[in-house]
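Asks:
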């Protein structure tokens, strides 16, 4: 496999790492919040997914600006 666009490849790898880290961090934070509260509830720990999405969108916009 030959990489034709190195910057695009790096951005895609960073996006993949961000998505994986976001999912793992969300699962851990939900377990921690449930253990701390003593009951299951919906709180700010679910916003970690939104922050991960924002990071991916920012990386994608940097890639688009660089290509133009």
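In the working numbering, the protein residues as written are 7 to 74.
Idealized CB from N, CA, C, for every residue including glycine.
All values derive from a computational prediction rather than experimental measurement.
Drop a sphere of 10 angstroms on the beta-carbon of residue 49, count the other beta-carbons inside from all chains shown, and report buried for 16 or more, exposed for fewer.
Replies: Residue 49 sits at position 43 when you count from the first residue of the chain shown. With fewer than 16 other Cβ atoms within 10 Å, it is exposed.
Asks: Is the Cβ-Cβ distance between residue 31 and residue 54 less than 8 Å?
Replies: As a working mapping, residue 31 is identified with position 25 in the chain shown. As a working mapping, residue 54 is identified with position 48 in the chain shown. A contact, by the Cβ cut-off of 8 Å.
Asks: For the alpha helix (DSSP H) that residue 71 lies in, which residues bound it at each end?
Replies: Along the chain shown, read from residue 1 onward, the residue named residue 71 stands at position 65. Residue 71 -> alpha helix (DSSP H) spans 53–73.
Asks: Nearest-angstrom Cα distance between residue 60 and residue 10?
Replies: The count along the chain shown starts at 1 and reaches residue 60 at position 54. The count along the chain shown starts at 1 and reaches residue 10 at position 4. The alpha-carbon atoms of residue 60 and residue 10 are separated by roughly 27 Å.
Asks: For residue 42, which of helix, strand or coil comes out of DSSP?
Replies: Along the chain shown, one-based indexing puts residue 42 at 36. Residue state, collapsed to three classes: helix.
Asks: Give the DSSP-derived three-state secondary structure of residue 15 in the structure shown.
Replies: Taking the chain shown and counting its residues from 1, the one referred to as residue 15 is at position 9. Three-state DSSP puts residue 15 in a helix.
Asks: So residue 72 and residue 13 are in contact, right, with Cβ under 8 Å, and what is the actual spacing, rounded?
Replies: For the purposes of this step, residue 72 is taken as residue 66 along the chain shown, with counting starting at 1. For the purposes of this step, residue 13 is taken as residue 7 along the chain shown, with counting starting at 1. Contact holds; Cβ gap of about 6 Å.
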